[in-house]
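Chemist: Following this message is one structure expressed as structure tokens.
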Amino acid sequence: MTKLKKNKKPSGKRDCKRNSNKCKKKGGVCTSYKEDCPVLIGEDLCKGFSCRCCTSDIVECFEKKKCIKKNGICKESCEEEEEEIRKGCSGDGYKCCAPPTIIECKIKNKCKKQG
């Protein structure tokens with residue numbers, strides 16, 4: 356007689372990690388290869404052998420790391436007061452537009468002593 360282990364998943368079924376940060380940043384959701392995938396974003400962005408990153412919307416562009424670090428977003432053109440981060444977006448015709456950087460000045464001890 357064969358004993359079954361409790362809480363064991365049926366063989367042949369795998370769950371996809373739904374909250375993959377890599378996939379989420381590109382606007383997708385991790386789905387099983389058996390599920391419908393209108394637009395494939397990437398095969399290697401989700402954990403699990405049978406998972407892939409898909410979306411139902413066509414992603415025209417997304418922010419790269421350097422754009423995200425500067426709190427930028429991808430647009431077709433930047434506002435006058437915004438700073439353009441070169442090569443910060445994927446997709447043709449899009450620019451990474453970030454808020455202007457504020458440079459803080461510190462008063463050195465020499466200046467304080469001289470008044």
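Counting in the numbering used here, the sequence shown runs from 356 upward without gaps. Even for Gly, the Cβ is constructed at its ideal location relative to N, Cα and C. If you're wondering where the values come from, they're calculated on a predicted model, not measured in any experiment.
Measuring straight from C-alpha to C-alpha, what distance separates Gly367 and Asp447?
Modeler: Reading the sequence shown from its first residue, position 12 is the one you call residue 367. Reading the sequence shown from its first residue, position 92 is the one you call residue 447. Because the pLDDT of Gly367 is 48, which lies under 50, any placement of that residue in the model is unreliable, and the question is left without a value.
Chemist: CB-CB under 8 Å to Thr357, same chain, minus the five flanking residues each way: which ones, in chain order?
Modeler: In the sequence shown, residue 357 corresponds to position 2, counting from 1. With a pLDDT of 40 at Thr357, under the threshold of 50, the predicted position of this residue should be treated as unreliable, though the coordinate-derived value follows. So no residue of the chain qualifies.
Chemist: With the cut-off set at 8 Å, would you say Lys381 and Phe417 are in Cβ contact?
Modeler: Here residue 381 refers to the residue found at position 26 of the sequence shown. Here residue 417 refers to the residue found at position 62 of the sequence shown. Going by C-beta atoms, Lys381 is nearer than 8 Å to Phe417.
Chemist: Is the Cβ-Cβ distance between Cys444 and Lys419 less than 8 Å?
Modeler: Your numbering for residue 444 matches position 89 in the sequence shown. Your numbering for residue 419 matches position 64 in the sequence shown. Yes; because the gap between Cβ atoms is below 8 Å, this pair is in contact.
Chemist: Kindly identify the DSSP beta-bridge partner or partners of Lys450.
Modeler: Counted from its first residue, the sequence shown places residue 450 at position 95. In the DSSP output, where bridge partners are listed per residue, Lys450 has Lys430.
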